[in-house]
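Residue numbers (my numbering): 6 to 227. One structure is given below, encoded as structure tokens.
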């Protein structure tokens, strides 16, 4: 089973649809003391909230009841999707006291603990994404730039993104040729599990891919 399987399963689902899980996480963070995590991650806090940034969007954790909210143009909403919610809760839960950075980029299938039973199976997130942009590198490049990606000299096109300020990731795309279909790879720092559970990286990848796909939908028809 791919490390990205559960993130794929929960794409498009509101966190509130998982009522039991929602209650568990709200309870786990009710009365949360932000002192430790705000010191490690340099996060802003006040008497009621802990504030975070995820893909350049602002979120806040209600310290009293453990609910998460995202800032919108009209105010704050608690209608969050499963993958974004779990990414934030897991960052708060799994970040170590002294997280490291290796400077070595690896796919999340190579992270410690991320066993994959059959590496020949299509990845549920990456394989359809690559097929969707086969022959459309110009559109993917435009979407990456629009989302603030930093261009890299890898593959046919490649960009680095910032999920959480402490967690960059790199997307590398090779277009199809006469021998191989289009392929995409997403890389993390080897020590990303000092911040997240290895399966949570699938949630972070899924959110990035969805944002790129949604951005393309707003492009004028060619």
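Beta carbons are placed, not taken as given, at the ideal position from N, Cα and C, and that holds for glycine.
Exposed unless 16 or more other CB atoms sit within 10 angstroms - verdict on residue i
{"i": "residue 65", "result": "buried"}
{"i": "residue 39", "result": "buried"}
{"i": "residue 119", "result": "buried"}
{"i": "residue 97", "result": "buried"}
{"i": "residue 35", "result": "exposed"}
{"i": "residue 75", "result": "buried"}
{"i": "residue 126", "result": "exposed"}
{"i": "residue 122", "result": "Because residue 122 sits at a pLDDT of 48, beneath the cut-off of 50, its placement in the model cannot be relied upon, and the following sentence gives the value as read from the coordinates. Exposed, because fewer than 16 other Cβ atoms sit within 10 Å of the Cβ of residue 122."}
Nearest-angstrom beta carbon gap, residue j and residue i [assumed within contact, 8 Å]
{"i": "residue 2", "j": "residue 8", "result": "A query on residue 2 cannot be resolved here, the shown segment of the chain reaching from 6 to 227 and no further."}
{"i": "residue 92", "j": "residue 208", "result": "5 Å"}
{"i": "residue 213", "j": "residue 150", "result": "Not quite, the Cβ-Cβ distance comes to about 14 Å (not below 8 Å), so this is no contact."}
{"i": "residue 250", "j": "residue 71", "result": "Absent from the structure is residue 250, since the part of the chain shown begins at 6 and ends at 227."}
{"i": "residue 148", "j": "residue 220", "result": "4 Å"}
{"i": "residue 84", "j": "residue 19", "result": "6 Å"}
Closest by C-alpha distance to residue i, when choosing among the options
{"i": "residue 24", "options": "41, 139, 86 and 195", "result": "86"}
{"i": "residue 211", "options": "140, 134, 48 and 117", "result": "134"}
{"i": "residue 15", "options": "132, 204 and 220", "result": "204"}
{"i": "residue 193", "options": "108, 184 and 131", "result": "108"}
{"i": "residue 110", "options": "172, 46 and 184", "result": "172"}
{"i": "residue 69", "options": "79, 51, 191 and 112", "result": "51"}
{"i": "residue 12", "options": "88, 80 and 44", "result": "88"}
{"i": "residue 191", "options": "160, 184 and 49", "result": "160"}
{"i": "residue 215", "options": "183, 137 and 143", "result": "137"}
{"i": "residue 222", "options": "195, 183, 47 and 144", "result": "144"}
Cut-off 7 Å between Cβ atoms - residues of its own chain near residue i, not counting five sequence neighbours on either side
{"i": "residue 146", "result": "162"}
{"i": "residue 141", "result": "none"}
{"i": "residue 82", "result": "74 and 75"}
{"i": "residue 49", "result": "56"}
{"i": "residue 46", "result": "100 and 171"}
Contact set for residue i: own chain, Cβ-Cβ below 8 Å, skip 5 residues either direction
{"i": "residue 10", "result": "129 and 207"}
{"i": "residue 139", "result": "180, 181, 186 and 187"}
{"i": "residue 62", "result": "75 and 76"}
{"i": "residue 67", "result": "53, 54, 73 and 74"}
{"i": "residue 117", "result": "198 and 203"}
6 Å Cβ shell around residue i - same chain, five flanking residues per side excluded
{"i": "residue 189", "result": "131, 134, 135 and 178"}
{"i": "residue 218", "result": "none"}
{"i": "residue 42", "result": "97"}
{"i": "residue 94", "result": "30"}
{"i": "residue 195", "result": "107, 109 and 111"}
{"i": "residue 158", "result": "none"}
**Message:** With a threshold of 8 Å, are at least 3 pairs of Cβ atoms found where one atom belongs to the segment 95-111 and the other to the segment 191-204?
**Reply:** yes
**Prompt:** Are there three or more Cβ pairs, one per stretch, closer than 8 Å when the segment 174-188 is compared with the segment 51-65?
**Reply:** no
**the segment 141-161 in contact with the segment 21-33 per 3-pair CB rule at 8 Å** = no
**Prompt:** Between the segment 160-174 and the segment 58-77, do three or more beta carbon pairs fall short of 8 Å?
**Reply:** yes
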